[in-house]
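Worksheet: one structure, shown below.
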Amino acid sequence: MDGDELLRHCLAKPGAWRDEPWENDVVVKVGPKIFAFLGSTGTTVGVKCGKGRDLADEWLVRYPEDATASAYIGRHGWNTLRLRGAIPADEIREAVDASYEAVVASLPKKDRPTG
3 MDGDELLRHC
13 LAKPGAWRDE
23 PWENDVVVKV
33 GPKIFAFLGS
43 TGTTVGVKCG
53 KGRDLADEWL
63 VRYPEDATAS
73 AYIGRHGWNT
83 LRLRGAIPAD
93 EIREAVDASY
103 EAVVASLPKK
113 DRPTG
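Read in order, the letters of the sequence shown correspond to residues 3 to 117 in the numbering used here.
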């Protein structure tokens with residue numbers, strides 16, 4: 003899986019849209035909130051992997067070379083996953099899907115996408 007394929011997967015989600023809040027750093031949002039950090043290189047994705055470090059740390063144990071706690075927001079359960087490493091593409095897609103669902107669930111009901 004490459005960055006372009008992952009971006010297409012992200013944008014296929016209801017209400018998802020691409021943004022570049024920082025120069026050349028691509029993120030995908032639902033409503034006003036980010037659910038995937040794709041960065042500028044297309045070689046990693048930052049996703050919400052749980053409500054806190056306990057759940058998110060499971061990724062670090064399973065994939066110590068390809069998963070790290072995200073800078074600044076890692077304590078809130080965000081990890082950075084390396085594409086084209088040991089993590090299978092279907093698991094990366096599942097992580098993105100779970101991140102999307104967690105972010106949608108945190109939105110006020112009136113702001114949640116339908117469909």
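Cβ atoms here follow ideal geometry from the backbone N, Cα and C, with glycine treated the same way.
Subject >> Where I94 sits in the DSSP three-state scheme >> reply: helix
Subject >> C-beta contact flag for L13 and V30 at 8 angstroms >> reply: yes
Subject >> G54 beta carbon less than 8 angstroms from that of A38 >> reply: no
Original post:
Which partner residues of F37 appear in the DSSP bridge assignment?
Top reply: F37 pairs with nothing; no bridge assigned.
Original post:
In three-state terms, what does DSSP make of K112?
Top reply: helix
**OP:** List the DSSP bridge partners of G48.
**Re:** F39 and T82
**OP:** Can you tell me which of the three DSSP states E1 falls into?
**Re:** Residue coverage of the chain in this structure runs from 3 to 117, which leaves residue 1 outside it and unanswerable.
Original post:
In or out: N81 buried (at least 16 other Cβ within 10 Å) or exposed?
Top reply: buried
Original post:
Exposed or buried, which one is A107 when buried takes at least 16 other CB atoms within 10 Å?
Top reply: exposed
Original post:
Which one of D99, G17, L57 and G41 has the shortest CA to CA distance from W24?
Top reply: G41
Original post:
Using 8 angstroms as the threshold, is the stretch 65 to 73 in touch with the stretch 84 to 94, meaning 3 or more CB pairs across them?
Top reply: yes
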